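*Asks:*
There are 2 protein chains.
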Amino acid sequence: MPRRGRGWAMRAGSRGEEIHSPLVVSLLEPTLLVLLKEQPGHGYSLLSELNALDMTTIHPSVVYRTLREMETLEWIESDWDTDQTQGPPRRTYRLTAQGEEALRYWTQELEKTNLIIDKLFAKIQKG
Amino acid sequence: MPRRGRGWAMRAGSRGEEIHSPLVVSLLEPTLLVLLKEQPGHGYSLLSELNALDMTTIHPSVVYRTLREMETLEWIESDWDTDQTQGPPRRTYRLTAQGEEALRYWTQELEKTNLIIDKLFAKIQKG
DNA sequence: GTGCACTATTCTCTTAATGTCAATAGATAG
DNA sequence: CTATCTATTGACATTAAGAGAATAGTGCAC
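Those sequence lines, one after another, are chains A and B. For the first sequence, position 83 (counting from the first letter as 1) is numbered 83 according to this note's numbering, and the numbering increases by one without interruption. For the second sequence, position 114 (counting from the first letter as 1) is numbered 1114 according to this note's numbering, and the numbering increases by one without interruption.
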């Protein structure tokens, strides 16, 4: 029952719950871009790749929805894969040129974010 | 007219607009904790401190609202300051013990976030 | 052959957070 | 006396996220 938002830290910390901070979710979009740049993939496989990146608390339906929205933006494209699945057909996504462009902007934003976080750490350690 | 969310990267990049990624906003809460740990302050002064940290696109009312919510959580407390203002009375906030506790959890989360971003950079540079 | 676990995706409803802007008002300089 | 800067609040609209039900194919054990 992940519930995000204001006051996350205490709720997550005091009880060892599966709540994630809003930060994790806001990394989802660029993370999917990066993963799909590495290689095409479908929702279910991306879910386990997210797990490998310690983004374990994101709800599957959020990932699927995000992929659909990214396809609407034409950052990614997909085809149905009916053969070679271990279950029902899967939708395999790949990055488009526009998606690569979006990833470039996102990369800059991630750099900026790292800088801000580093400044915060500096302030924390100072005190 | 900052509009966040899905597709931020292209909207922000293609036109040089004042749109921020969802990442920036999700740093607001821990940033306010850090700034108030450094020293007590009021909303208006915190706004310029956020500017100094390159978090320029966050709307003032969002900052004020966040402060009020953090006070409800008892992470911070406030008093009205009627003297020594350069305008109307200001509400001066300071960190509570619970706020320090929250900051500790947030610090861990920021470390985790930095790690994830670094992993993403590694993947980006590899490709 | 049927029941179960795993794979795989979509849809919908609810709740929470953000965006935006108007309103209010004290202080100060010209 | 009015424009600008300081300072905060409140309300409303919009967007995103959380959660779970529904659907369905595959493969294995019994």
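Glycine included, C-beta positions come from ideal geometry on N, C-alpha and C. Everything numeric in this text was worked out from a predicted model, so none of it was measured.
Judging by CA-CA distance, which residue of A/Ser21, A/Trp8, A/Ser26, A/Ile19 is the nearest neighbour of B/Asp1006?
*Replies:* The residue you asked about is not Asp; residue 1006 of chain B is Arg in the sequence shown. Nearest of A/Ser21, A/Trp8, A/Ser26, A/Ile19 to B/Arg1006, Cα basis: A/Ser26.
*Asks:* Quick one: which residues of the stretch 51-63 of chain A get their C-beta closer than 8 Å to a C-beta of chain B? List them in chain order.
*Replies:* Residues passing the 8 Å Cβ filter: Leu53, Asp54, Met55.
*Asks:* Under 7 Å between beta-carbons, which chain B residues line up against A/Ala132? List them in chain order, please.
*Replies:* Look at the range of chain A in this structure, 1 to 127, and you will see that residue 132 of chain A is not part of it.
*Asks:* Report the CB separation of A/Leu33 from A/Leu95 in whole angstroms; it is logged as a contact under 8 Å.
*Replies:* Their Cβ separation, rounded to whole angstroms, is 7 Å, which keeps A/Leu33 and A/Leu95 in contact under 8 Å.
*Asks:* What is the rounded straight-line gap between the Cα of A/Phe121 and the Cα of A/Asp83?
*Replies:* Their Cα atoms are separated by approximately 50 Å.
*Asks:* Give me, in chain order, the residues of the same chain whose beta-carbon lies closer than 7 Å to that of A/Glu109; leave out the 5 immediate sequence neighbours on both sides.
*Replies:* Closer than 7 Å at Cβ, skipping near neighbours: no residue.
*Asks:* What number of angstroms, rounded off, separates the C-alpha of B/Ile1019 from the C-alpha of B/Trp1008?
*Replies:* Straight-line Cα distance between these residues: approximately 8 Å.
*Asks:* Just the chain B side, please: which residues come within less than 9 Å of A/Thr107 by C-beta, in chain order?
*Replies:* Result: Leu1120, Phe1121, Ile1124.
*Asks:* Under 8 Å, Cβ to Cβ, is there at least one residue of chain A near B/Thr1113?
*Replies:* Chain A, which has a Cβ nearer than 8 Å to the Cβ of B/Thr1113, makes this yes.
*Asks:* Could you check how far apart the C-beta atoms of A/Leu67 and A/Ile58 are, in whole angstroms? I think they sit under 8 Å.
*Replies:* That pair is no contact at about 12 Å.
*Asks:* Among all the DSSP beta bridges, which residues are the ones paired with B/Asp1079?
*Replies:* DSSP lists B/Thr1092 as partners of B/Asp1079.
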